[in-house]
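In what follows, a structure is listed as structure tokens, so that the remarks can point back to it.
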Ligand SMILES: [Zn+2]
């Protein structure tokens, strides 16, 4: 373990060393580890992400719990998981995967500390939850590879992970996150075309009014789960 850490320090520049030290300290005192710091640490990062590859917000990532788009058969709720859970270590960098405008940061009930980003193309919102801290503010334009926060275990969480939810902007419907992630490289390509760029710059201007402030709330403020359609209504019978 110690040898590994030393190797890490040798292999990486000072920034990485600092993170290793912070992580080391946090590991030795769990109370500190799970405490929401709420700081704003601006950081611009040129990521090593390839445009044509699929990533999760924590890089490659391991799915620890899938998004469940099901209604509990008995209670009618409670079995619903709005996103996918990705395994992470405390203070792992959480990356933005697609260009967009930060629409909300801060405490969000069971989601803990969350960052929400609106992506004008393809017109969806993505939310990363249970973060230890965020490193962007509302109104900020973020691009692929930008660090938007750091992994944690805030909110209703039993261990460090990143919860990732994707919502269709117009209809408030949940999108299967893994399916979305697999399509992101195509969106990245589309973002390079003049037509999409023009559409996005128009949308950006509309969103310039957003206050650069965190919002702390005890509510998750997620869209209600759309219940699956019941069996089709019986055909109307015309009176004879
Ligand atoms: Zn989750």
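In our numbering, the protein residues as written are 3 to 242.
Note that the Cβ used here is the ideal one computed from N, Cα and C, for glycine as well.
{"Item": "Inter-residue CB distance, residue 169 and residue 225 (contact presumed, cutoff 8 Å)", "Value": "6 Å"}
{"Item": "Euclidean distance between Cα positions of residue 195 and residue 171", "Value": "22 Å"}
{"Item": "Helix, strand or coil at residue 223 [DSSP, three-state]", "Value": "coil"}
{"Item": "Between the CA atoms of residue 138 and residue 209 - distance to the nearest angstrom", "Value": "16 Å"}
{"Item": "Beta carbon proximity, residue 89 to chain D, threshold 7 Å", "Value": "Within the model displayed, chain D is absent; a lone protein chain is all it includes."}
{"Item": "Best match in 99, 167, 132, 145 for proximity to residue 153 [C-alpha to C-alpha]", "Value": "132"}
{"Item": "DSSP beta-bridge partners of residue 106", "Value": "118"}
{"Item": "Same chain, Cβ closer than 6 Å to residue 227, neighbours up to 5 away in sequence not counted", "Value": "82"}
{"Item": "Euclidean distance between Cα positions of residue 117 and residue 198", "Value": "24 Å"}
{"Item": "Contact set for residue 25: own chain, Cβ-Cβ below 8 Å, skip 5 residues either direction", "Value": "Confidence is the limiting factor: at residue 25 the pLDDT is only 43, short of 50, which leaves the residue's position unreliable and the question unanswerable from this model."}
{"Item": "Any 3 or more C-beta pairs closer than 8 Å across the region 56-71 and the region 178-188", "Value": "yes"}
{"Item": "Nearest to residue 175 (by Cα), restricted to the options 156, 111, 85", "Value": "85"}
{"Item": "Cα-Cα separation, residue 30 to residue 89", "Value": "Residue confidence is low: residue 30 scores 40 on pLDDT, short of 50, so the model does not pin down where it sits. Its coordinate-derived value is still stated next. Distance between the alpha carbons of residue 30 and residue 89: 20 Å."}
{"Item": "Residue 115 classed as buried or exposed, judged by whether at least 16 other C-beta atoms fall within 10 angstroms", "Value": "buried"}
{"Item": "Near ligand 1: residue 87 beta-carbon under 6 Å from a heavy atom", "Value": "yes"}
{"Item": "Contact test: residue 165 Cβ vs ligand 1 heavy atom, cutoff 6 Å", "Value": "yes"}
{"Item": "Top-ranked residue by Cα proximity to residue 211, from 145, 162, 106, 112", "Value": "106"}
{"Item": "Residue 150 - DSSP class collapsed to helix/strand/coil", "Value": "strand"}
{"Item": "Start-end ranges of the beta strand (DSSP E) lying completely within the region 140-219, minimum 3 residues", "Value": "149-153, 163-170"}
{"Item": "Among 129, 62, 184, nearest to residue 222 - alpha-carbon criterion", "Value": "129"}
{"Item": "Proximity winner among 69, 67, 102, relative to residue 205 (alpha-carbon distances)", "Value": "102"}
{"Item": "Extent of the continuous beta strand (DSSP E) to which residue 135 belongs", "Value": "126-136"}
{"Item": "Residues bridged to residue 65 (per DSSP)", "Value": "88"}
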